[in-house]
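If you read the sequences in order, they're chains A and B. So the working numbering is basically just the index in the first sequence, starting at one, shifted up by 31. So the working numbering is basically just the index in the second sequence, starting at one, shifted up by 30. As structure tokens, the structure follows; a few thoughts come after it.
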Amino acid sequence: MGPVTEHEITVRALFEPSGYPESLVEKLRQAGVPEGAMEIRSPLPLHETGLVRPAPLPLHRIAIIAGLVGLVLGVVVAGGTAILYPIMTGGKPIVAPPVVGIISFETMMLMAIVTTFVTMLIRLRSERRDAVERDPRIDDGLIEVVLSLPSNSVQLQLVQTLLKQAGALEIRHHHATSSIPPGVELDRRTTAGMLVVAWLLCGVPACSRDMQDQSSYQSQEAPRIHSPKGSVPRDSRLLRKSLTTQEELDEGARLFRINCSHCHGRDGTGNGPVVAYLKEQPADLRDPYVQGLSEAALYDTVTYGLAVEGRDVMPAFQGELSAEERHSVVTYVKSLSQP
Amino acid sequence: MSSINRDLLAPLQSATPAYFLLLIVLGAIVALGAGAWYYQVDTGIGQTNLHPPIFWGVYIASFIFWVGASHSGTFISGVLRLSKAEWRRPVTRIAELMTFISLMIATLFVFFHLGRVWRWYYLMPYPNQRELWPNFRSPLMWDAIAVFTYATASTIYLYLPLIPDFALLRERIGGWRKPLYRVLSLGWTGTQNQWQVLETALRIITPLIVMVMVSVHSIVGWDFGVSLVPAWHSTIFAPYFVVGAVHSGVGLVAIGLYVLRKIYRLERYIESEHFDKIGKLLVVTTLVLAYLYFAELLTIWYAKSPDHMWVVDALLIGPFAVPFWFMAICIYFIPLATLTNPAFRRWPLGVMLVGVFINIGMYIERVLILVPPLTYPRLPFNWGSYFPSWVEMTIIVGSLALAVLLYALAVKFVPVISIWEEKEGLVHGTRHGT
Numbered sequence: 032m033g034p035v036t037e038h039e040i041t042v043r044a045l046f047e048p049s050g051y052p053e054s055l056v057e058k059l060r061q062a063g064v065p066e067g068a069m070e071i072r073s074p075l076p077l078h079e080t081g082l083v084r085p086a087p088l089p090l091h092r093i094a095i096i097a098g099l100v101g102l103v104l105g106v107v108v109a110g111g112t113a114i115l116y117p118i119m120t121g122g123k124p125i126v127a128p129p130v131v132g133i134i135s136f137e138t139m140m141l142m143a144i145v146t147t148f149v150t151m152l153i154r155l156r157s158e159r160r161d162a163v164e165r166d167p168r169i170d171d172g173l174i175e176v177v178l179s180l181p182s183n184s185v186q187l188q189l190v191q192t193l194l195k196q197a198g199a200l201e202i203r204h205h206h207a208t209s210s211i212p213p214g215v216e217l218d219r220r221t222t223a224g225m226l227v228v229a230w231l232l233c234g235v236p237a238c239s240r241d242m243q244d245q246s247s248y249q250s251q252e253a254p255r256i257h258s259p260k261g262s263v264p265r266d267s268r269l270l271r272k273s274l275t276t277q278e279e280l281d282e283g284a285r286l287f288r289i290n291c292s293h294c295h296g297r298d299g300t301g302n303g304p305v306v307a308y309l310k311e312q313p314a315d316l317r318d319p320y321v322q323g324l325s326e327a328a329l330y331d332t333v334t335y336g337l338a339v340e341g342r343d344v345m346p347a348f349q350g351e352l353s354a355e356e357r358h359s360v361v362t363y364v365k366s367l368s369q370p
Numbered sequence: 031m032s033s034i035n036r037d038l039l040a041p042l043q044s045a046t047p048a049y050f051l052l053l054i055v056l057g058a059i060v061a062l063g064a065g066a067w068y069y070q071v072d073t074g075i076g077q078t079n080l081h082p083p084i085f086w087g088v089y090i091a092s093f094i095f096w097v098g099a100s101h102s103g104t105f106i107s108g109v110l111r112l113s114k115a116e117w118r119r120p121v122t123r124i125a126e127l128m129t130f131i132s133l134m135i136a137t138l139f140v141f142f143h144l145g146r147v148w149r150w151y152y153l154m155p156y157p158n159q160r161e162l163w164p165n166f167r168s169p170l171m172w173d174a175i176a177v178f179t180y181a182t183a184s185t186i187y188l189y190l191p192l193i194p195d196f197a198l199l200r201e202r203i204g205g206w207r208k209p210l211y212r213v214l215s216l217g218w219t220g221t222q223n224q225w226q227v228l229e230t231a232l233r234i235i236t237p238l239i240v241m242v243m244v245s246v247h248s249i250v251g252w253d254f255g256v257s258l259v260p261a262w263h264s265t266i267f268a269p270y271f272v273v274g275a276v277h278s279g280v281g282l283v284a285i286g287l288y289v290l291r292k293i294y295r296l297e298r299y300i301e302s303e304h305f306d307k308i309g310k311l312l313v314v315t316t317l318v319l320a321y322l323y324f325a326e327l328l329t330i331w332y333a334k335s336p337d338h339m340w341v342v343d344a345l346l347i348g349p350f351a352v353p354f355w356f357m358a359i360c361i362y363f364i365p366l367a368t369l370t371n372p373a374f375r376r377w378p379l380g381v382m383l384v385g386v387f388i389n390i391g392m393y394i395e396r397v398l399i400l401v402p403p404l405t406y407p408r409l410p411f412n413w414g415s416y417f418p419s420w421v422e423m424t425i426i427v428g429s430l431a432l433a434v435l436l437y438a439l440a441v442k443f444v445p446v447i448s449i450w451e452e453k454e455g456l457v458h459g460t461r462h463g464t
């Protein structure tokens, strides 16, 4: 039932559960009372026939659709992880199909149950008729028939006789007002307030900074576990061969722009944007001294970085760049001599 | 019907001094537990006696125990609602409340076990600046998802049949609770439409939650089963955990029924027949559990694989023999010796005591599943031993007190017996039995 309007009158009749005749609703219908204007309130579900026809709500279908959505969600999140990280672990994908099954089963159930519940809530709320308080005697076993009729109709007379005939214990009229009973507005505000507070509380853990403050691994930091000085990864030489000189140069230039140019400058002359903040002037890589160094020496510099008087002035790249990437950069640095 | 209202609302309307005394005592124990937890957080997880190779101890055992206990509500109420057993009516709410509270306690144990608890939200799958993504390979992750689903679903499942009762309370109970009831009853007036929607929702959710229940403890079983640890790596773990959970859950319901009936004089609603039915259920769960246990031990013992046998020997005749046989007496022998006797089953106090034994036994069982296999890893140089520290024990006692405290508070807030369902039973004229 929608909200009651000014021109309506509400008729409420109480019945003993045994005295309530099932034919009453049928008779009221014949008297021209529309389906939406009748309401029966009872302390427990009534399953007899001849009652007001409940407005249909495809709750089953909604539950099934929500379940399917949840299923897809689970498959996407869990299965998607396996697709993003195609790493075989223990002879199976990182998130194996049975696991995707388990996870999507749970998300399916979760979505189905929660959606059913939420749909039900919305339905219950839409039922609410704020203006008419519920008669407490209903909970002691009586059944109430509530009708909303146009206030000056002849129907009213007819309906009352029908109700009396059916054995109503008490018939009352209300000139319906659409005013909301006092407590309700307050309740809404309390609920909203509680939700806001709960939401804010969720943010509290974020105030702690201990994860940021801990000694975590920084980017460009040298690996804490070092491979012995001078050692070269076994697979790098093979990989290096697969690049043509031009490809290697391009790759080297790209890596140089990312990793070196902020210090050494885009052209390698040592005029990068951060130079002003450095204690040591970066080398001009086109300088004959630098160009005179062997490829192995440059590789060594890039791998382990440089320290002047015990202080690091250039970072080590062995954690940042793979062996063949370092080779590419070195090739690029070598090429800087021919302007 | 007005007598049903009167009887079932009575517990909400008055409180004896003894009740407040109980609250104070429980509150004090809870405070002790909270203090121990504070101490543990402050000084570090090293306050527990957890250490390699025994990295799971009584916290995880308690987690399993409480998740298991939560199967009380779903099993009793869900399965009985599905099978339309009339005798469920006075039992369901008591059991569902237990589910709800046990799950809260179980969740707490996850947090007790975390090293830096204040970082717990990194466990959740949301994009963050540290690029952490949940590890779906780990059964613990499946577990987290399943327990979350289960907790949400069982809260809804507790709430649904409560809506009409909240509407009743809204009218009958004043004071500070009234506005709460008004919000919680969602404008329920009891129209045909509302009843219809509620019943449909219950009909849809009941079978779903029973399936979720089975999946939850299966996954807890797989936490162990999918590992390679000797005596965990077993196909039987999932069903075995589910049945064990139902076993202790039903035992808990027996305790709850007895205590509430005694205190609030609900003899007219909770009859000895209900204890009879619960007793029969317990016989079934005892037999199934014993069967699964036997099947598991037989398989291991017959194979005589040394790494497995270290664990089994330790249980049967070794250092764990005393708790093991005590457990066997509590969860197998006592229920079988008593509950198979029809006269005994109609004796509420007796059934309640069996429930107590079962739950003590099941708790020990959870510890015995965890600790012995971890104590004997495959390389003997690495063997260890474990006994909980005082911090762990205080937290465990505190959380048990918290569970009871929450229950005691809940009793003052919701009717322990579903009022409208009881009325429905009255109208159907077939209140008890079939």
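Just so you know, even glycine gets a beta-carbon here, dropped at the ideal spot from N, CA and C. Keep in mind that this is a model prediction, so the values were computed, not measured.
Give me the residue from B/261, B/189 and B/129 with the minimum Cα distance to residue 407 of chain B. B/261
Would you mind stating whether residue 99 of chain B and residue 128 of chain B have Cβ atoms separated by less than 8 Å? yes
Identify, in the order they occur along the chain, each residue of the same chain with its Cβ nearer than 7 Å to the Cβ of residue 244 of chain B, setting aside the five sequence neighbours on each side. 272
Which of the three DSSP states, helix, strand or coil, is assigned to residue 311 of chain B? Helix at residue 311 of chain B.
In chain B, which residues lie with their C-beta within 8 Å of the C-beta of residue 90 of chain A? 227, 230, 231 and 234
Residue span of the beta strand (DSSP E) that contains residue 41 of chain A, given as start and end: Its beta strand (DSSP E) spans residues 39 to 46.
Is residue 154 of chain B helix, strand or coil when you go by DSSP? In this structure, residue 154 of chain B counts as coil in the three-state DSSP scheme.
At the level of alpha carbons, what is the spacing between residue 337 of chain A and residue 255 of chain B? Roughly 52 Å between the two C-alpha positions.
Helix, strand or coil: which one does DSSP assign to residue 202 of chain A? Of the three classes helix, strand and coil, the one that applies to residue 202 of chain A here is strand, per DSSP.
Please compile the residues from chain A whose C-beta is within a distance smaller than 9 Å of the C-beta of residue 175 of chain B. Chain A residues near residue 175 of chain B: 105, 133, 134, 137, 138 and 141.
Nearest to residue 171 of chain A (by Cα), restricted to the options B/186, B/33 and B/44: B/33
Any beta carbon of chain B sitting closer than 8 Å to that of residue 76 of chain A? Residue 76 of chain A counts as touching chain B.
Alpha carbon to alpha carbon, what distance is there between residue 189 of chain B and residue 64 of chain B? Rounded to whole angstroms, residue 64 of chain B to residue 189 of chain B spans 28 Å at the Cα level.
Kindly list, in the order they appear in chain B, the residues whose Cβ is closer than 9 Å to that of residue 167 of chain A. 198, 201 and 202
Check each residue of the stretch 296 to 312 of chain B: if its Cβ is closer than 7 Å to any Cβ of chain A, include it; give the result in chain order. Of all residues in the stretch 296 to 312 of chain B, none has a Cβ within less than 7 Å of some Cβ in chain A.
For residue 83 of chain B, which residues in the same chain have their Cβ closer than 8 Å to its Cβ, ignoring the five residues on either side in sequence? 404, 405, 407, 412, 413 and 414
Would you please verify whether the beta carbon of residue 151 of chain A is less than 8 Å from any beta carbon of chain B? yes
Look at residue 386 of chain B and residue 308 of chain B and say whether their C-beta atoms are less than 8 Å apart. In this structure, residue 308 of chain B does not lie closer than 8 Å to residue 386 of chain B by Cβ.
Taking residue 246 of chain B as the reference, which of B/47, B/420 and B/95 has the closest Cα? B/95
Any C-beta of chain B under 8 Å from that of residue 43 of chain A: Cβ-Cβ to chain B under 8 Å: no for residue 43 of chain A.
Could you work out which residues of chain A lie near residue 182 of chain B, taking near to mean beta carbons separated by less than 8 Å? Chain A residues near residue 182 of chain B: 141, 144 and 145.
Candidates A/295, A/111, A/167 and A/327: closest to residue 132 of chain A by CA position: A/111
Pick out whichever of A/202, A/298 and A/305 has its Cα sitting closest to the Cα of residue 366 of chain A. A/298
Among the candidates B/306, B/433 and B/458, whose CA atom is the shortest distance from the CA of residue 52 of chain B? B/433
Chain-ordered residues of the stretch 444 to 455 of chain B with a beta carbon less than 7 Å from chain A: 450, 453 and 454
Which complete alpha helix (DSSP H) runs does the stretch 276 to 349 of chain A hold, if anything under 4 residues is left out? If we require 4 residues or more, the alpha helix (DSSP H) runs fully inside the stretch 276 to 349 of chain A come out as 276 to 290, 292 to 295, 319 to 323 and 326 to 335.
Taking only beta-carbon atoms, is residue 191 of chain B less than 8 Å away from chain A? Answer no: the Cβ-Cβ gap between residue 191 of chain B and chain A never drops below 8 Å.
Relative to chain A, which residues along the stretch 112 to 141 of chain B have a C-beta separation below 9 Å, given in chain order? none
Thinking residue 382 of chain B and residue 288 of chain B are a contact (beta carbons under 8 Å), I'd like their distance in whole angstroms, please. Contact holds; Cβ gap of about 4 Å.
Classify residue 224 of chain B: buried if its beta carbon has 16 or more other beta carbons within 10 angstroms, exposed otherwise. buried
Taking Cβ to Cβ, would you say residue 166 of chain A is nearer than 8 Å to residue 45 of chain A? The answer is yes: Cβ separation under 8 Å.
Of all the CB atoms in chain A, is at least one closer than 8 Å to the CB of residue 43 of chain B? When Cβ-Cβ separations below 8 Å define contact, residue 43 of chain B makes no contact with chain A.
In chain order, what are the residue ranges of uninterrupted beta strand (DSSP E) at least 3 long that sit wholly in the stretch 191 to 254 of chain B? none
Cβ of residue 265 of chain B within 8 Å of any chain A Cβ: no
Can at least three beta-carbon pairs, one atom from the stretch 91 to 98 of chain A and one from the stretch 53 to 70 of chain A, be found at a separation below 8 Å? no
Please determine, among A/128, A/106, A/168 and A/91, the residue with the shortest C-alpha to C-alpha distance to residue 139 of chain A. A/106
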